[in-house]
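**Student:** So the sequences go chain by chain: X, L, S and A. Under our numbering, the residues of the first sequence are numbered 27 to 279, in order. Under our numbering, the residues of the second sequence are numbered 27 to 279, in order. Under our numbering, the residues of the third sequence are numbered 27 to 279, in order. Under our numbering, the residues of the fourth sequence are numbered 27 to 279, in order.
Protein chains: 4
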Amino acid sequence: MVWIDINCDMGESFGNWRMGNDEGVMPYITSANIAGGYHAGDPHVMRETVELAAEHGVEIGVHPGLPDKMGFGRRTMDASPEELRDYVVYQLGALMGFARRHGATVQHVKPHGAMYSMLSDSDEHARAVMEGMLEVDPDLIYLATDMNIYEVAQDVEGLQAVFEGYIDLDYRADRSLIVEKEVDERDPELVADRFVSIATEGVVEAENGEQIDVPADSICIHGDNPNAVEILEAIHDRLDEHDIQLASLPEVV
Amino acid sequence: MVWIDINCDMGESFGNWRMGNDEGVMPYITSANIAGGYHAGDPHVMRETVELAAEHGVEIGVHPGLPDKMGFGRRTMDASPEELRDYVVYQLGALMGFARRHGATVQHVKPHGAMYSMLSDSDEHARAVMEGMLEVDPDLIYLATDMNIYEVAQDVEGLQAVFEGYIDLDYRADRSLIVEKEVDERDPELVADRFVSIATEGVVEAENGEQIDVPADSICIHGDNPNAVEILEAIHDRLDEHDIQLASLPEVV
Amino acid sequence: MVWIDINCDMGESFGNWRMGNDEGVMPYITSANIAGGYHAGDPHVMRETVELAAEHGVEIGVHPGLPDKMGFGRRTMDASPEELRDYVVYQLGALMGFARRHGATVQHVKPHGAMYSMLSDSDEHARAVMEGMLEVDPDLIYLATDMNIYEVAQDVEGLQAVFEGYIDLDYRADRSLIVEKEVDERDPELVADRFVSIATEGVVEAENGEQIDVPADSICIHGDNPNAVEILEAIHDRLDEHDIQLASLPEVV
Amino acid sequence: MVWIDINCDMGESFGNWRMGNDEGVMPYITSANIAGGYHAGDPHVMRETVELAAEHGVEIGVHPGLPDKMGFGRRTMDASPEELRDYVVYQLGALMGFARRHGATVQHVKPHGAMYSMLSDSDEHARAVMEGMLEVDPDLIYLATDMNIYEVAQDVEGLQAVFEGYIDLDYRADRSLIVEKEVDERDPELVADRFVSIATEGVVEAENGEQIDVPADSICIHGDNPNAVEILEAIHDRLDEHDIQLASLPEVV
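1. Which ranges does the alpha helix (DSSP H) cover as unbroken runs of at least 4 residues, wholly within the stretch 124–188 of chain L, from first to last along the chain?
2. Less than 8 Å between the C-beta atoms of Ala125(X) and Ile86(X), yes or no?
3. On the DSSP letters alone, give me the boundaries of the alpha helix (DSSP H) that Ile193(S) sits inside.
4. Alpha carbon to alpha carbon, what distance is there between Asp269(X) and Leu110(A)?
5. If we define contact as Cβ-Cβ less than 8 Å, is Met36(X) a contact residue for chain A?
6. Based on DSSP bridge pairs, tell me the residues matched to Asp35(L).
7. Inspect the CB distances between the stretch 111–122 of chain X and the stretch 115–125 of chain L and report whether three or more fall short of 8 Å.
8. What is the C-beta distance between Ile167(A) and Pro276(A), in whole angstroms, given that I count them as a contact (C-beta under 8 Å)?
9. Does the stretch 128–141 of chain L come into contact with the stretch 127–141 of chain X, if we say contact requires no fewer than three beta-carbon pairs (one atom in each stretch) closer than 8 Å?
10. Please name the residue or residues paired with Ile247(S) in a DSSP beta bridge.
11. May I ask you to list the residues that DSSP assigns as paired with Asp263(A)?
12. Closer than 7 Å, Cβ to any Cβ of chain L: which residues of the stretch 114–143 of chain X, in chain order?
13. Does the beta carbon of Thr171(X) sit closer than 8 Å to a beta carbon anywhere in chain A?
14. Please list, in chain order, the residues of the stretch 72–83 of chain L that have any C-beta partner in chain X closer than 8 Å.
15. For Ala105(L), which residues in chain S fall below 8 Å Cβ to Cβ?
16. Closest to Ala61(S) by CA distance: which of Asp35(S), Val209(S) and Leu78(S) is it?
17. Could you tell me which of Glu177(A), Met52(A), Tyr192(A) and Val182(A) sits nearest to Ala218(A), measuring between CA atoms?
18. Looking only at its chain, what residues have a beta carbon closer than 8 Å to the beta carbon of Met72(X), apart from the 5 residues adjacent to it on each side?
19. Excluding five sequence neighbours on each side, which residues of the same chain lie with their C-beta closer than 6 Å to the C-beta of Ala242(S)?
20. Which of the three DSSP states, helix, strand or coil, is assigned to Phe98(L)?
21. Under a Cβ-count criterion, where at least 16 other Cβ atoms within 10 Å of its own Cβ denotes burial, should Val162(S) be classed as buried or exposed?
22. I'd like the span of the beta strand (DSSP E) that includes Val229(L), first residue to last.
23. Could you check whether the Cβ of Pro93(L) sits closer than 8 Å to any Cβ belonging to chain S?
24. In chain order, what residues of the same chain lie with their CB nearer than 7 Å to the CB of Gly249(L), ignoring the 5 residues before and after it?
25. Alpha carbon to alpha carbon, how far is Glu74(A) from Ile245(X)?
26. In this structure, how does DSSP classify Met103(L) when only helix, strand and coil are distinguished?
27. Identify the residues that DSSP records as bridge partners of Leu272(L): which are they?
28. What's the C-alpha gap between Pro252(A) and Leu216(A)?
29. Using only the alpha-carbon positions, how far apart do Val278(A) and Ser202(S) sit?
30. What residues of chain L sit near Pro69(X), judged by a beta carbon separation below 8 Å?
31. What is the DSSP secondary structure of Asp85(L), counted as helix, strand or coil?
32. What is the residue span of the beta strand (DSSP E) that Asp18(L) lies within?
33. Which residues in the same chain as Phe40(X) place their Cβ atom closer than 8 Å to its Cβ, once the five residues preceding and following it in sequence are excluded?
34. Do the CB positions of Val229(S) and Asp213(S) come within less than 8 Å of each other?
35. Just to confirm the assignment, what range does the beta strand (DSSP E) spanning Asp213(S) have?
36. Could you tell me if Val76(A) is buried or exposed, where buried requires 16 or more neighbouring beta carbons within 10 angstroms of its beta carbon?
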């Protein structure tokens, strides 16, 4: 039997503006990355998203972003390591506030968009954020989107990290992801094949046909994919057959 | 011997804009009400203010405001009880994030400006915020600026509250405060007299000369008063003579 | 032949968050009320919306809101007449900036949501905003959502105003509107009947069956109504038969 | 006789937070660069600053910044040329709204902080902003902070540009500026010497003692310098003796 986590970005609505399909997706995942109110989300959305996660027994983490709602946190900015660290602590703490009501613990941190890119590009920024996390709670897990940042996390004393893989996007042979402007429908069966392949063998086929290593213990699903729920159903249908057990991050770390 | 707390609003700078005199005032107080990033403050300012409080052994609370930096949180808005509650939980949680690093606990909640007025005017809003606090941490103390809100707090099951008095502003005979547009210098000795009068007898002279009851266990000092430090020194000079002991909120509740 | 304007709120997307159906609706209207970036909209959205209006020969006005994106400008706040005036001048000027590129003129001002309510409730606020408009451009037309504000506008020296009617919402007998939480589909033929009735006779049937006066020279359509385009098509189909001519605000004022 | 402009950044207060010394400085300058509400400023501050400029017969320009109040617009961000252009048009238009009341015209554009750096580093971004300006008003002058951006401006068909020099900061021999974290007092007489030197000979002494060319037709003064007013007085005292005439940008372009 193999154990794997499924994570999804959640709580990215803002005020009257809706985004994603949190209610449809939540029943199928094990970890919700909840926007912290900087690139997306607000206190009301956070509360509702934490509540929805609690109803489905889904573990929660914070999905902190840059203070740039107009750019949805997707534009890198020349902020210092300390600034990023403080933005993460702020959003992480805020989520902890909402978690308390359900007796829930914030289990992980997964930076969003341009903040993630900045950490991946600068070890100094990555370390500052990771050390800031540990000061808040030494049990927090860093959910790492690429191998560079995963390796930095491994080097930070006392920090647990999980590497995540993608199945509704394509990989290049160098294990970088091909991110598309518009999120397209994907064939649920092909995506589920990839899920099984990563979960059981730690490999996936890159766009050029090559088999590449993706040693992931968590799989990220894009909730704004128009057929995200179908994809998740197809994945769940494969679990028994392949002896895969869904598990939360603390169980797979 | 009487015990009394001295609280002060802190951390109201924002980015490059400075406000208040936190470094000057912190050595003299026992409770810092730290802005939560909505009406004032930001993650960097919060971190620095929490650190400054820790250095001086000052207890911290959150000073949450409305999401209105342009109006400095001083304009009431038609927000629902649930919206206010969620704004408080968000800012409270964020401060808890920064407190963790120092092993500190957020001990109290004191709403700012127009948010305070809204709670004072609507029991429903006040209750929602107070119940929200308790869901985050049942040990949190509500620091009550007027008697109306203090009484609501008394009625909320399980909530501890402390009533605060003012000495650098004048009271009307009905115990309402005369708030001035500009913060003026005050005679430190007269202000210290009032401190002693409230601390030892629970009374103060109103503007019309009448003695009124101000049964306060905490005294609020305005840190942006141009001679706030002088006032605080004058107060400290009286403590021994009048057998007054400064204490934190949990000690006076 | 009667002349009437059709106006619709536009440009209420923000960053990555979409709202409304501007592209579907624009071909059918004569006046676009474009969000000014406070309650909704941003510079990029404004530019695109002005461009779309120019392509369809639709006249533009500003739809200024309160500085409250989290509440979508729907929460009244205790702002002064001068504050509202300055918020309107700011957003109006910004739209003028984008209009210049198309040689277009901003022709009208229609305050959004809670800002509109505040002007309707306080003549002093309404006058401040209207006088502020005239200082920017004396040719600007105030598009009045209710009779109270229309009458204030009539009293402001030199200000032109147009009263607007609603056909995709129901009126009470006192000419107040029944605003619903969720925008529902409406029967296009019934809505078109109302359009004709207001345009040709200045009357509409209230929810209690009574005929009431709605002396409107402009009709507001909600672009976020799920069948807004169908409704607009049904209206256009009636124009010839009833000898109704669509016209811009300067033509109907 | 030589003609030269003196410009200063203005209107950088925000809500209750004060910055700069606009009232002290305005009587001595010829061009005010007014913050557009993105990195600093707000509608009320803009109105007051435009009014103050009008009282002193000072010409106005917009000082647009990035949408980053927390970082005071001093952090470059990965925004597209079109995004920057739209931020400038928005803030420029807003200022035009306030100018109308005084029959004033916005005469120039001088990007702030990190936005300026981005334009200096990328000709594509610079061109987009400059072409956006011209679409709003072909008479607008671009006030160029360095030679790179001045040269791009010269290449944009139909755009007038003025190169500005600095006298309260030191130049390196390569004509780059030594920007200090804290704005220090400067000897007014030495600063006034530099003013005369640039105005009459177009040269200044760099930190290494070398004479370098600074062919400026406008001089920028930092209004937040603690002795800005003294410096400006020293400059004004030299005007007659050296036959220097203060003039607005359209006069020196």
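Think of the CB as a built atom: it goes at the ideal place given N, C-alpha and C, for glycine as much as any other residue.
**Tutor:** Let me spell this out:
1. 139–147, 149–162 and 173–181, all fully within the stretch 124–188 of chain L.
2. Taking the first residue of the first sequence as position 1, residue 125(X) is located at position 99. Taking the first residue of the first sequence as position 1, residue 86(X) is located at position 60. In this structure, Ala125(X) places its C-beta atom within 8 Å of the C-beta atom of Ile86(X).
3. Residue 193(S) sits at position 167 when you count from the first residue of the third sequence. Careful: Ile193(S) lies outside any alpha helix (DSSP H) and carries neither H nor E.
4. Translated into the one-based positions of the fourth sequence, residue 110(A) becomes position 84. Translated into the one-based positions of the first sequence, residue 269(X) becomes position 243. Looking at the two C-alpha atoms, the distance is approximately 52 Å.
5. Counted from its first residue, the first sequence places residue 36(X) at position 10. No, because no Cβ of chain A sits closer than 8 Å to the Cβ of Met36(X).
6. On the second sequence, position 9 is the one that residue 35(L) refers to. Checking the DSSP bridge columns, you'll see Asp35(L) partnered with Asn59(L).
7. Contact holds: three or more Cβ-Cβ distances are below 8 Å.
8. The residue given as residue 167(A) occupies position 141 in the fourth sequence. The residue given as residue 276(A) occupies position 250 in the fourth sequence. That belief holds up - the Cβ atoms of Ile167(A) and Pro276(A) are roughly 7 Å apart, short of 8 Å.
9. Pairwise C-beta distances place the stretch 128–141 of chain L out of contact with the stretch 127–141 of chain X, as fewer than three of them are shorter than 8 Å.
10. Stepping through the third sequence from its first residue, residue 247(S) is reached at position 221. Residue pairing from DSSP places Ile247(S) in a beta bridge opposite Cys34(S).
11. Sequence index remark: in the fourth sequence, residue 263(A) carries index 237 (1-based). Asp263(A) pairs with nothing; no bridge assigned.
12. Taking 7 Å as the Cβ-Cβ cut-off against chain L, the residues of the stretch 114–143 of chain X that qualify are Val115, Tyr116, Leu118, Gly119, Ala120, Leu121, Met122, Gly123, Phe124, Arg126 and Arg127.
13. Taking the first sequence and counting its residues from 1, the one referred to as residue 171(X) is at position 145. Cβ-Cβ to chain A under 8 Å: no for Thr171(X).
14. Going along the stretch 72–83 of chain L in chain order, one finds Met72 and Arg73 with a Cβ nearer than 8 Å to chain X.
15. Reading the second sequence from its first residue, position 79 is the one you call residue 105(L). The contacting residues are Gly97 and Arg101.
16. Here residue 61(S) refers to the residue found at position 35 of the third sequence. Considering only Asp35(S), Val209(S) and Leu78(S), the residue with the shortest C-alpha distance to Ala61(S) is Asp35(S).
17. Looking up residue 218(A) in the fourth sequence gives position 192. Out of Glu177(A), Met52(A), Tyr192(A) and Val182(A), Tyr192(A) has the C-alpha closest to the C-alpha of Ala218(A).
18. Start at 1 with the first residue of the first sequence, and residue 72(X) comes out as number 46. Here the set comprises Gly37, Ile60, Ala61, Gly62, Gly63, Ala120, Leu121 and Phe124.
19. Counting from one through the third sequence, the residue named residue 242(S) turns up at place 216. If we look at Ala242(S) and ignore the five residues flanking it on each side, its Cβ neighbours are Phe189, Glu190, Gly191 and Ile224.
20. Indexing the second sequence from 1 puts residue 98(L) at position 72. Three-state DSSP puts Phe98(L) in coil, outside helix and strand.
21. Numbered from its first residue, the third sequence carries residue 162(S) at position 136. With at least 16 other beta carbons inside 10 angstroms of its own, Val162(S) counts as buried.
22. In the second sequence, counting from the first residue as 1, residue 229(L) sits at position 203. In the DSSP assignment, Val229(L) falls within the unbroken beta strand (DSSP E) covering Val229 to Glu231.
23. Sequence index remark: in the second sequence, residue 93(L) carries index 67 (1-based). Interface residue, yes.
24. Taking the first residue of the second sequence as position 1, residue 249(L) is located at position 223. Cβ neighbours of Gly249(L) beyond the five flanking positions: Cys34, Asp35, Met36, Gly46, Asn47, Asp48 and Val51.
25. In the fourth sequence, residue 74(A) corresponds to position 48, counting from 1. In the first sequence, residue 245(X) corresponds to position 219, counting from 1. Computed Cα separation, rounded: 55 Å.
26. Here residue 103(L) refers to the residue found at position 77 of the second sequence. Three-state DSSP puts Met103(L) in a strand.
27. Locating residue 272(L) in the second sequence gives position 246, counting from the first residue. Paired residues: Ile30(L).
28. Position 226 of the fourth sequence, counted from the first residue, corresponds to residue 252(A). Position 190 of the fourth sequence, counted from the first residue, corresponds to residue 216(A). Whole-angstrom Cα-Cα distance: 15 Å.
29. On the fourth sequence, residue 278(A) is found 252 positions in, with the first residue counted as 1. On the third sequence, residue 202(S) is found 176 positions in, with the first residue counted as 1. Straight-line Cα distance between these residues: approximately 59 Å.
30. As a position in the first sequence, residue 69(X) is number 43, starting the count at 1. Per Cβ cutoff of 8 Å: Glu109, Asp112, Tyr113, Val115 and Tyr116.
31. On the second sequence, position 59 is the one that residue 85(L) refers to. This sequence places Glu at residue 85(L); Asp is not what is there. Strand at Glu85(L).
32. For residue 18(L) there is no data in the structure shown, the boundaries of chain L being 27 and 279.
33. Mapped onto the first sequence, residue 40(X) falls at position 14. Taken in chain order, the residues that qualify are Ala66, Gly67, Asp68, Val71 and Lys95.
34. Against the third sequence, residue 229(S) aligns to sequence position 203. Against the third sequence, residue 213(S) aligns to sequence position 187. Not closer than 8 Å, so no.
35. Position 187 of the third sequence holds residue 213(S). Unbroken run through Asp213(S): none, as it is neither H nor E.
36. Within the fourth sequence, residue 76(A) is the residue found at index 50, counting from 1. Val76(A) counts as buried, since at least 16 other C-beta atoms from the protein chains shown sit within 10 angstroms of its C-beta.
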